[in-house]
Every structure is written in C-alpha cells, then in structure tokens.
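Novice: I have a structure I would like to understand better, so I am pasting it below and will then ask my questions one at a time.
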Amino acid sequence: MTMRFLYRFLLRLHPRAFRERFAEEMTAIFDEAAGTLGAARLLGDALLSLIRQWTFRPHPVVASVAKPSGDVPAFAILDSYAPRRLALIEGGVLSAIFFWMVIVAATNGARPIMLLGASPFPRSGLLKVNPSSIQLASRDAAVRVPPPAADPWYDFASHYFKIIYVLGALDADHDYVISAAEIAAAPAALLQLDLNGDGKLSAAESGFYIGGAESIRPGLLNGFRTAFMSANPVLAALDTDHDGEISAREILNAPAALRRLDLNGDGKLLPVEIAPESVVRQILMSTGGGPTQTGNSPRPLRRTGGR
Amino acid sequence: MREPAAAFLPLNPATLHILLALAGEDLHGYAIMQQIFKQSEGRYKLGPGTLYDNLQRLLQQSLVQESSRTGGDSRRRYYRLTALGRGVLAAEISRLESMIREAKLHLQTARSGKA
Numbered sequence: 003m004t005m006r007f008l009y010r011f012l013l014r015l016h017p018r019a020f021r022e023r024f025a026e027e028m029t030a031i032f033d034e035a036a037g038t039l040g041a042a043r044l045l046g047d048a049l050l051s052l053i054r055q056w057t058f059r060p061h062p063v064v065a066s067v068a069k070p071s072g073d074v075p076a077f078a079i080l081d082s083y084a085p086r087r088l089a090l091i092e093g094g095v096l097s098a099i100f101f102w103m104v105i106v107a108a109t110n111g112a113r114p115i116m117l118l119g120a121s122p123f124p125r126s127g128l129l130k131v132n133p134s135s136i137q138l139a140s141r142d143a144a145v146r147v148p149p150p151a152a153d154p155w156y157d158f159a160s161h162y163f164k165i166i167y168v169l170g171a172l173d174a175d176h177d178y179v180i181s182a183a184e185i186a187a188a189p190a191a192l193l194q195l196d197l198n199g200d201g202k203l204s205a206a207e208s209g210f211y212i213g214g215a216e217s218i219r220p221g222l223l224n225g226f227r228t229a230f231m232s233a234n235p236v237l238a239a240l241d242t243d244h245d246g247e248i249s250a251r252e253i254l255n256a257p258a259a260l261r262r263l264d265l266n267g268d269g270k271l272l273p274v275e276i277a278p279e280s281v282v283r284q285i286l287m288s289t290g291g292g293p294t295q296t297g298n299s300p301r302p303l304r305r306t307g308g309r
Numbered sequence: 092m093r094e095p096a097a098a099f100l101p102l103n104p105a106t107l108h109i110l111l112a113l114a115g116e117d118l119h120g121y122a123i124m125q126q127i128f129k130q131s132e133g134r135y136k137l138g139p140g141t142l143y144d145n146l147q148r149l150l151q152q153s154l155v156q157e158s159s160r161t162g163g164d165s166r167r168r169y170y171r172l173t174a175l176g177r178g179v180l181a182a183e184i185s186r187l188e189s190m191i192r193e194a195k196l197h198l199q200t201a202r203s204g205k206a
C-alpha cells in the first residue's frame, strides 16, 4: 500500500499534461504488475520517467477554453515553447547560487557586503570629524572661478580633488591647480586633515574609504591602503617611506616632495602632473595630447621624480 | 524530396519495439509491455515510465493514435498504429534489412578473401 502511495506520489510530480493523460493508466499497470515486475522496479521506473519528463521533454501549455456549444468550434492554444514552471524555478535558484558564489569570491569568503572605493564624505568606521579642525573661509577670500566644462582635465580634477582629501586640502582656492603658494602652505593645509590630532595622516584621513572594512582580513585591508597611497601620485610623493601614512616629518617636508612632481618647472602642479599614470594616458589619447585649459602642458608619461 | 516516413528514421529501440507490438493489433499499455517482452524473447523489458514517455511522443508525431476499443479495466486505453506509423515501421524494417544485407555481403567478402 505504501509502495502504491509512493508510486502515485511520483506520478503526481510529473508535468500536468503527462499526468492527466497517462497517470491513471500507469497506476493500472502498477496495480496489475507490481507482483510480477516488482514494486521497487516500477518505483524506479517512475522516478526515471519523472526526471526525463522535467528535463528533456517540452511541455505544451494548453489554455482551457469553453466547451463547444452547438456548431461553434472550440480551440485550444498550444505553445510548445513556453518556459516550464520548474525551469523558471531552476533558473532562479541557479542564478541565486551563481550570484552568491560571485559575492563570496569577491569578498574572499568574508561577510558579503562590501564596497571598495573612495568617498568625499566620512562614513561609519572612519574617524569622526573634529569641528575645531575645520577652517572657516573668511568673507573676503578670493575664489577663482574654475574653467568651464568640456575640458577633460577639469572634469577629471573636479572629481579627483574631492575624492583625495589631501588634494582638496592643498587646493585652497579650488581651481584644481596647486599653486606655488599652496605648495608652500602644504604642511598647514595637510594638518587640517589630521582629525585625531596625532600629527600624521592615515590613509583614511587622506581619502581612503572601503565599505565593510571590518569584515576584511587585516592583511588584505593593509594591502588596499598601501595600494591607495601608492596609486595616487601626490600621496605617493608625500609618503616618502611608503608605510601607508603621511608622518609628521613627511608633512613638514611636503613642499619639497610636491615640488618634485612639478615636471615642467612652472612652480605649480597642474592636474596633468598629479593624475595617476593611467588617467594621464587616457586623457592625452582622447585629446590627442593637445593643450587644454587645466592640463595645458603635456608631459612625458614617465615621471622622473617621486617614487 | 524526402519521404515523410524517412524523416523519422532511424528509430530508437523502444520506439521500434512499441511500433512492432502495435503492428498486429490494438493494445493497451500493459499489453504493449508484455508483447515487447515476448517479441524480444525476454531480452527487452520496458517499464511503464519509458513506455508512456515514448507513447506521448508517438501520439504527438501522429505515428500512434488512441483506439476506440475498450475492455476490462476502465482506466486502460488502447492504442493503434496510424497509416504514417505503419509506413515508418515499414521504412525502418526496410532500412534494417538493407543494413543486414550489406553486413552479410561484407562478411562473405571477408571470408572469401581469407580463403
């Protein structure tokens, strides 16, 4: 009796079209042949049939229509290419598994919520803002109007100076050029970023931000910090001992370090001189290497100073 | 142009056995299974799952149709070969005969070559 129940259960799992057409006949065969063929063998056969039906056979979707009345013919809609419900579920499950595997691989098995990047705003996990360190602009401060858009260097710098806090601090007049005066005033400007007052700038104080940092292995996180500090020419130039932070001594020596980035010797740093190598290459290729308003001095791609 | 029956060839063993079983008379599912067991001299045992999986396809291809014959258990349905099904079976048998003829010829050639 149990075997018959199991057999009926397996038949119920078959696609509807098949079940409605053949389940009764198959049950009749089970009733008649379970003794001679063996109930277990018939169960195995039904299981194979179940797998075969859901895996290999297309299942037409038959839309029910009203029964014909009188001479009016009735039609059924047959679409053998409609996706099976189980196929949709299988697809959903496989997609979820694949998505999960990608997330796990991307997070190295850690908690799978992470954003890697830089942010102009302090986030949880970063040091709190110390209001006393914020210098209010004086009413008569001269602010230069930045050049209009359509300049790739301007577009780049307007984002880059926000992301890299150090650049934002150095560029007091917000013209995306570090002038000679701003270079000279670099130590004071940099110390504005020292939120915890320890006299040096960590990667976070310099603009490094990574979401879900607490779930990342310390070794890997340090790697990200070091990569951040070395990938940005100004940070790399300031962090002369490459320890991933700008020490008090390095802050003091900042003007000299920054002047080493001045490739054309005009005494100021243009975006073209402080952009990462890949950005310089990309923008020079897009502009054909011609002069632009904020990056108007094409330079050799390989730096001779700095690291 | 290709014969309509030729489009179904070659037949897989289960299909060939089912069509052969139905060539004599209209049969219900269990009788088809028994007939296949008998005509293969006990070498081929078809389960109901395999049988109805194949029957479903054969019905869709119009090689088999449901018969009006009834009898015994009301749950039973009888099946019969259509004209197309009979044509396909004949074409398959002809193909097999030709293959056997060819095989025999090769064997004879090989024997005479050795002698």
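Chains as they are written, first to last, in this note's numbering: chain A, 3 to 309; chain B, 92 to 206.
For glycine and all other residues, C-beta sits at the position ideal for the given N, C-alpha and C.
#1: Along the chain, where does the alpha helix (DSSP H) containing R171 of chain B start, and where does it finish?
#2: For E157 of chain B, write down the residues that DSSP places opposite it in a beta bridge.
#3: Going by Cα to Cα distance, which pick from A:I248, A:L286, A:G37, A:L203 is closest to A154 of chain A?
#4: To the nearest angstrom, how far is the alpha carbon of I180 of chain A from that of I99 of chain A?
#5: By the three-class DSSP mapping on this structure, what secondary structure does I212 of chain A have?
#6: At what residues does the alpha helix (DSSP H) containing G163 of chain B begin and finish?
#7: Assign E183 of chain B to one of two classes, buried (16 or more other C-beta atoms within 10 Å of its C-beta) or exposed (fewer than that).
#8: By DSSP, does H119 of chain B sit in helix, in strand, or in coil?
#9: For Q130 of chain B and chain A, any beta-carbon pair shorter than 8 Å?
#10: Applying a beta-carbon distance threshold of less than 7 Å, which residues of chain B neighbour R54 of chain A?
#11: Between A19 of chain A and the ligand COA, is there a pair consisting of the residue's CB and a ligand heavy atom that are separated by less than 7 Å?
#12: Could you confirm whether any beta carbon from chain B is found closer than 8 Å to the beta carbon of L44 of chain A?
#13: How would you label I212 of chain A, buried or exposed, when you count the other beta carbons within 10 angstroms and need 16 or more for buried?
#14: Would T109 of chain A pass as an interface residue toward chain B - the criterion being a Cβ-Cβ separation below 8 Å?
#15: Only counting the same chain, and skipping five residues up and downstream in sequence, which positions put a Cβ closer than 8 Å to that of R21 of chain A?
#16: Using the C-alpha atoms, what's the distance from F24 of chain A back to F11 of chain A?
#17: Please determine, among A:T57, A:L193, A:H16, the residue with the shortest C-alpha to C-alpha distance to E92 of chain A.
#18: Is G133 of chain B close to chain A, meaning its C-beta is less than 8 Å from at least one C-beta of that chain?
#19: Of all the CB atoms in chain B, is at least one closer than 8 Å to the CB of E34 of chain A?
#20: Between the region 160 to 174 of chain A and the region 228 to 247 of chain A, do at least 3 Cβ pairs fall closer than 8 Å?
#21: Could you give the residue range of the alpha helix (DSSP H) that holds V236 of chain A?
#22: Using the rule of at least 16 other Cβ atoms within 10 Å of the residue's Cβ for burial, across every protein chain shown, is R168 of chain B buried or exposed?
#23: At 7 Å on the CB atoms, spell out the chain A contacts of D164 of chain B, in chain order.
#24: Going by DSSP, what residues sit across from I248 of chain A in a beta bridge?
#25: Could you check if N103 of chain B is buried or exposed, using at least 16 other CB atoms within 10 Å of its CB as the buried criterion?
#26: Nearest to S208 of chain A by CA position, among A:L8, A:I248, A:A108, A:A35, is which residue?
#27: Following the continuous alpha helix (DSSP H) through Y156 of chain A, name the residue where it begins and the one where it ends.
#28: Among A:A250, A:L254, A:I276, A:R251, which has the Cα closest to the Cα of R262 of chain A?
#29: Leaving out five residues on either side along the sequence, give the residues of the same chain with a beta carbon under 6 Å from the beta carbon of A41 of chain A.
#30: For L137 of chain B, which residues from the same chain have a beta carbon less than 6 Å from its beta carbon, with the 5 sequence-adjacent residues on both sides left out?
#31: Please list, in chain order, the chain A residues whose beta carbon lies closer than 9 Å to that of T141 of chain B.
#32: Determine the extent of the alpha helix (DSSP H) in which R10 of chain A is found, giving its start and end residues.
#33: Give me the residue from A:V281, A:I31, A:T109, A:W102 with the minimum Cα distance to N234 of chain A.
#34: I think L172 of chain A touches I253 of chain A, with their Cβ atoms under 8 Å apart; what is that distance to the nearest whole Å?
Specialist: Quick answer:
#1: Within the second sequence, the letter at position 80 stands for residue 171 of chain B. Segment 169 to 172 is the beta strand (DSSP E) holding R171 of chain B; no alpha helix (DSSP H) there.
#2: The residue given as residue 157 of chain B occupies position 66 in the second sequence. E157 of chain B pairs with B:Y170.
#3: For the purposes of this step, residue 154 of chain A is taken as residue 152 along the first sequence, with counting starting at 1. A small correction: the amino acid at residue 154 of chain A is Pro; Ala does not occupy that position in the sequence shown. Distances from the CA of P154 of chain A to each of A:I248, A:L286, A:G37, A:L203 were compared; the closest alpha carbon is that of A:L286.
#4: Within the first sequence, numbered from 1, the residue matching residue 180 of chain A stands at position 178. Within the first sequence, numbered from 1, the residue matching residue 99 of chain A stands at position 97. Straight-line Cα distance between these residues: approximately 50 Å.
#5: As a working note, residue 212 of chain A is residue 210 in the first sequence. I212 of chain A falls in the strand class under three-state DSSP.
#6: Along the second sequence, one-based indexing puts residue 163 of chain B at 72. It is not in any alpha helix (DSSP H) - G163 of chain B carries neither H nor E in the DSSP assignment.
#7: The count along the second sequence starts at 1 and reaches residue 183 of chain B at position 92. Flag for E183 of chain B reads buried.
#8: Working through the second sequence from its first residue, we reach residue 119 of chain B at position 28. Strand, per DSSP.
#9: Here residue 130 of chain B refers to the residue found at position 39 when the second sequence is read from its first residue. For Q130 of chain B, no Cβ of chain A is located within less than 8 Å of the residue's own Cβ.
#10: As a position in the first sequence, residue 54 of chain A is number 52, starting the count at 1. Within chain B, the residues near R54 of chain A are D144.
#11: This structure lacks the ligand COA, and indeed carries no ligand of any kind.
#12: One-based indexing of the first sequence puts residue 44 of chain A at position 42. True, the Cβ-Cβ gap to chain B drops below 8 Å.
#13: For the purposes of this step, residue 212 of chain A is identified with residue 210 of the first sequence, where counting begins at 1. Around the Cβ of I212 of chain A, a 10 Å sphere holds 16 or more other Cβ atoms; the residue is buried.
#14: Start at 1 with the first residue of the first sequence, and residue 109 of chain A comes out as number 107. No, its Cβ sits nowhere closer than 8 Å to a Cβ of chain B.
#15: The residue you call residue 21 of chain A lines up with position 19 of the first sequence. Correct list, in chain order: L13, R14.
#16: Against the first sequence, residue 11 of chain A aligns to sequence position 9. Against the first sequence, residue 24 of chain A aligns to sequence position 22. Straight across, the Cα-Cα distance linking F11 of chain A with F24 of chain A is about 14 Å.
#17: Counting from one through the first sequence, the residue named residue 92 of chain A turns up at place 90. With distances taken between CA atoms, E92 of chain A lies nearest to A:T57 out of A:T57, A:L193, A:H16.
#18: Position 42 of the second sequence, counted from the start, is the residue given in the question as residue 133 of chain B. For G133 of chain B, the answer is no, since every Cβ of chain A falls outside 8 Å of its Cβ.
#19: Taking the first sequence and counting its residues from 1, the one referred to as residue 34 of chain A is at position 32. Proximity of E34 of chain A to chain B, defined by a Cβ-Cβ separation below 8 Å, is satisfied.
#20: In the pairwise beta carbon analysis, the region 160 to 174 of chain A is classified as touching the region 228 to 247 of chain A: at least three pairs are separated by under 8 Å.
#21: Position 234 of the first sequence holds residue 236 of chain A. Its alpha helix (DSSP H) spans residues 235 to 240.
#22: Here residue 168 of chain B is taken as the residue at index 77 of the second sequence, counted from 1. Classification of R168 of chain B: buried, given that the 10 Å Cβ count is 16 or more.
#23: Here residue 164 of chain B refers to the residue found at position 73 of the second sequence. Contact note: D164 of chain B reaches chain A through A30, using a C-beta cutoff of 7 Å and chain order.
#24: Stepping through the first sequence from its first residue, residue 248 of chain A is reached at position 246. Its beta-bridge partners are A:L203.
#25: Along the second sequence, read from residue 1 onward, the residue named residue 103 of chain B stands at position 12. So N103 of chain B counts as exposed.
#26: Indexing the first sequence from 1 puts residue 208 of chain A at position 206. The residue with the shortest Cα to Cα distance from S208 of chain A is A:I248.
#27: As a working mapping, residue 156 of chain A is identified with position 154 in the first sequence. For Y156 of chain A, the enclosing alpha helix (DSSP H) begins and ends at 154 to 165.
#28: To locate residue 262 of chain A, count along the first sequence from 1; it is residue 260. The shortest C-alpha separation from R262 of chain A is found at A:I276.
#29: As a working mapping, residue 41 of chain A is identified with position 39 in the first sequence. Excluding positions up to five away in sequence, the list reads M5.
#30: Walking along the second sequence from the start, residue 137 of chain B turns up at place 46. Excluding residues within five positions, the ones whose Cβ falls inside 6 Å are M124, I127.
#31: Looking up residue 141 of chain B in the second sequence gives position 50. Those are D47, L50, S51, R54, listed as they occur along chain A.
#32: Translated into positions along the first sequence, residue 10 of chain A becomes position 8. Under the DSSP assignment, R10 of chain A falls in the alpha helix (DSSP H) whose first and last residues are 4 to 14.
#33: Residue 234 of chain A sits at position 232 when you count from the first residue of the first sequence. Among A:V281, A:I31, A:T109, A:W102, the Cα nearest to that of N234 of chain A is on A:V281.
#34: Within the first sequence, numbered from 1, the residue matching residue 172 of chain A stands at position 170. Within the first sequence, numbered from 1, the residue matching residue 253 of chain A stands at position 251. Contact between L172 of chain A and I253 of chain A is ruled out by a C-beta separation of about 12 Å, above the 8 Å threshold.
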